[in-house]
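*Asks:*
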Amino acid sequence: MDQQGQDGNYFISMTDMMVGVLFVFIIIVSYFVMELQKAAENKDVISRTIHERIVEQKDQEITRLKEEIEKLKRKSWELYAAAANNKRSEIIQAISQKLEEQGIKVNVDLEVGVIRLEGDGLFNQTSSNLSERAVAVELINQLSGALYDNIRCYGFDKEEGVTASLPEDFESCNPDQVFIEAVYVEGHSDSDRLRGTLKDGSRNNLELSARRATNTYAQMVSFTPSLTKIVNPFDQQALSTAAYGSQRPLKEEYSPEAKAANRRIDLRFVMYLPKDEAARAELQSRIERLQ
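Taken in order, the sequence shown gives residues 133 to 423; the numbers are from my numbering.
(1) Tell me which residues share the same chain as methionine 146 and place their Cβ nearer than 6 Å to its Cβ, disregarding the 5 neighbours each side in the sequence.
(2) Please work out which residues of its chain come closer than 7 Å, Cβ to Cβ, to valine 269, disregarding the five sequence neighbours upstream and downstream, and give them in chain order.
(3) Run through DSSP, which three-state label would glycine 253 get?
(4) From what residue to what residue does the beta strand (DSSP E) around tyrosine 376 run?
(5) Tell me which residue opens and which closes the beta strand (DSSP E) that phenylalanine 302 is part of.
(6) What do you get for valine 238, buried or exposed, if any count of 16 or more other CB atoms within 10 angstroms of its CB means buried?
(7) I want to know whether the region 275-288 touches the region 310-319 - three or more CB-CB distances under 8 Å.
(8) Would you call the region 402-412 and the region 374-390 in contact, with 3 or more CB pairs under 8 Å?
(9) Which residues in the same chain as arginine 335 place their Cβ atom closer than 7 Å to its Cβ, once the five residues preceding and following it in sequence are excluded?
(10) Would DSSP call glutamate 318 helix, strand or coil?
(11) Give me the Cα-Cα distance between aspartate 281 and alanine 342, rounded to the nearest whole angstrom.
(12) Am I right that threonine 348 and isoleucine 397 are in contact with their C-beta atoms under 8 Å? What's the rounded C-beta distance?
(13) Does DSSP classify leucine 399 as helix, strand or coil?
(14) What are the boundary residues of the beta strand (DSSP E) that asparagine 239 is part of?
(15) Does the Cβ of glutamine 416 have 16 or more other Cβ atoms within 10 Å, making it buried, or fewer, making it exposed?
(16) Using 10 angstroms around the beta-carbon of threonine 482, count the other beta-carbons present and answer buried if the total reaches 16, otherwise exposed.
(17) Flag this pair as yes or no: are the beta carbons of serine 321 and arginine 395 separated by less than 9 Å?
(18) Does aspartate 281 come out as helix, strand or coil in the three-state DSSP assignment?
(19) Under a Cβ-count criterion, where at least 16 other Cβ atoms within 10 Å of its own Cβ denotes burial, should lysine 383 be classed as buried or exposed?
(20) Roughly how many angstroms lie between the CA atoms of asparagine 337 and aspartate 324, to the nearest whole one?
(21) Pull up the CB-CB distance for glycine 245 and phenylalanine 366, whole angstroms please, since I reckon it's below 8 Å.
(22) So, are the CB atoms of glutamate 409 and tryptophan 209 less than 9 Å apart?
(23) What is the rounded straight-line gap between the Cα of glutamate 420 and the Cα of cysteine 305?
(24) Under a three-way DSSP split, which group does serine 334 fall into?
(25) Using alpha carbons as the reference points, say which of Ser221, Ala213, Leu279 and Ile236 lies closest to proline 357.
(26) Where does arginine 265 fall in DSSP's three states?
(27) Tell me the DSSP secondary structure of isoleucine 236 in three-state form.
(28) Any idea what DSSP makes of arginine 380, helix, strand or coil?
(29) Let me know the secondary structure DSSP gives arginine 325 once reduced to three states.
(30) Indicate whether glutamine 225 and leucine 242 have their beta-carbon atoms separated by less than 9 Å.
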């Protein structure tokens, strides 16, 4: 074979080899491209899986956090209610102690939030006139003063025609920011039926107990006018009246002692409890605006 033939064959061989190598290269490149595409596709699948998992975890966490928030809200309300209930007991005990220091004995029921003044110390039988008993007016005067001293921090101050305000020492005297909703002067009577119309116009025990309550209230605000300025978070006067006649006896007996116990004035304390967290937050906002 001559040199030209050898050179040509070599050239052909080299060309074939280059074509082959190029083909293999193309195949290899194509393989890597395919692998890269698969990797990319796999990566996308993994990313979607992770994303879906993250979204699911996020949704679960949001749900859990919402549940925790609701628990905290309920806990917050429960703590507020507990603080209000404890404060009610403190108020009643403080008033009772103050009256006892003045030689006035009263009965207290902390469970229902009541101070009781038996009727024999206030009213004659079938009467709503406080002045008929020598000590009755003084007793009510002492009660009104002790009441004001011990509830003034747990209400807003409101003069007629003026926006309600907080007591000047509110931050120090009411750190729990609890409020009284109402203090009811409740009139009660014994079960003896009335014969005819009484001197005060009462025709039955319900009317008699109502006059006893209103006369007691009138004496209280006459001696301590500032009681009428204490309002609850609804801007309603806290001190009010109620009458029950013989409907709520303390004793079901008919003895003179039982009738005397049933013939009474109760001072019932009701603390303000917001209906929900939004109401409590609104109260907090109002307090901050007034401070």
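A virtual CB, placed ideally from N, CA and C, is assigned to each residue, including glycine. No experiment lies behind these values; they were computed from the predicted model shown.
*Replies:* With the structure as the only source:
(1) As a working mapping, residue 146 is identified with position 14 in the sequence shown. Confidence at methionine 146 is low in this model, with a pLDDT of 39, below 50, so the placement of that residue should be treated as unreliable; the coordinate-derived value is given next. Closer than 6 Å at the Cβ level, and outside the excluded window around methionine 146, lies no residue.
(2) Position 137 of the sequence shown, counted from the first residue, corresponds to residue 269. Here the set comprises Leu262, Ser263 and Gln351.
(3) As a first step, residue 253 is located in the sequence shown; it is residue number 121 there, counting from the start. Residue state, collapsed to three classes: helix.
(4) Against the sequence shown, residue 376 aligns to sequence position 244. First-last of the beta strand (DSSP E) with tyrosine 376: 371-377.
(5) By one-based count along the sequence shown, residue 302 stands at place 170. Run containing phenylalanine 302: none in the beta strand (DSSP E); it sits in the alpha helix (DSSP H), 302-305.
(6) As a working note, residue 238 is residue 106 in the sequence shown. So valine 238 counts as buried.
(7) yes
(8) no
(9) Start at 1 with the first residue of the sequence shown, and residue 335 comes out as number 203. The residues are Leu326 and Thr329.
(10) For the purposes of this step, residue 318 is taken as residue 186 along the sequence shown, with counting starting at 1. Glutamate 318 falls in the strand class under three-state DSSP.
(11) Within the sequence shown, the letter at position 149 stands for residue 281. Within the sequence shown, the letter at position 210 stands for residue 342. Their Cα atoms are separated by approximately 26 Å.
(12) Residue 348 sits at position 216 when you count from the first residue of the sequence shown. Residue 397 sits at position 265 when you count from the first residue of the sequence shown. Contact flag correct, Cβ pair sits at about 5 Å.
(13) Here residue 399 refers to the residue found at position 267 of the sequence shown. If DSSP states are grouped into helix, strand and coil, leucine 399 belongs with the strands.
(14) The sequence position of residue 239 within the sequence shown is 107, counting from 1. Where asparagine 239 is concerned, the enclosing beta strand (DSSP E) stretches over 239-241.
(15) Translated into positions along the sequence shown, residue 416 becomes position 284. It counts as exposed.
(16) The chain is shown only over 133 to 423; residue 482 falls outside these bounds and no answer can be derived.
(17) Indexing the sequence shown from 1 puts residue 321 at position 189. Indexing the sequence shown from 1 puts residue 395 at position 263. Yes.
(18) What you label residue 281 is simply residue 149 of the sequence shown in a count that begins at 1. Helix, per DSSP.
(19) Numbered from its first residue, the sequence shown carries residue 383 at position 251. Exposed, since its Cβ has fewer than 16 Cβ neighbours within 10 Å.
(20) In the sequence shown, the residue the question calls residue 337 occupies position 205. In the sequence shown, the residue the question calls residue 324 occupies position 192. Each residue's alpha carbon lies about 8 Å from the other.
(21) By one-based count along the sequence shown, residue 245 stands at place 113. By one-based count along the sequence shown, residue 366 stands at place 234. With a Cβ gap of about 19 Å, glycine 245 and phenylalanine 366 do not count as contacting.
(22) Mapped onto the sequence shown, residue 409 falls at position 277. Mapped onto the sequence shown, residue 209 falls at position 77. In contact: glutamate 409 and tryptophan 209 (Cβ atoms closer than 9 Å).
(23) Residue numbering aside, residue 420 sits at position 288 when the sequence shown is read from its first letter. Residue numbering aside, residue 305 sits at position 173 when the sequence shown is read from its first letter. Approximately 16 Å between the Cα atoms of the pair.
(24) In the sequence shown, counting from the first residue as 1, residue 334 sits at position 202. Coil, per DSSP.
(25) Position 225 of the sequence shown holds residue 357. Checking every option, the nearest Cα to that of proline 357 belongs to Leu279.
(26) Taking the sequence shown and counting its residues from 1, one reaches residue 265 at position 133. It is coil, neither helix nor strand.
(27) As a working note, residue 236 is residue 104 in the sequence shown. The answer is coil: DSSP assigns isoleucine 236 none of H, G, I, E or B.
(28) As a first step, residue 380 must be located in the sequence shown, where it is residue number 248. Looking at arginine 380 - three-state DSSP - the assignment turns out to be coil, as it is neither helix nor strand.
(29) Here residue 325 refers to the residue found at position 193 when the sequence shown is read from its first residue. The answer is coil: DSSP assigns arginine 325 none of H, G, I, E or B.
(30) Here residue 225 refers to the residue found at position 93 when the sequence shown is read from its first residue. Here residue 242 refers to the residue found at position 110 when the sequence shown is read from its first residue. A contact, by the Cβ cut-off of 9 Å.
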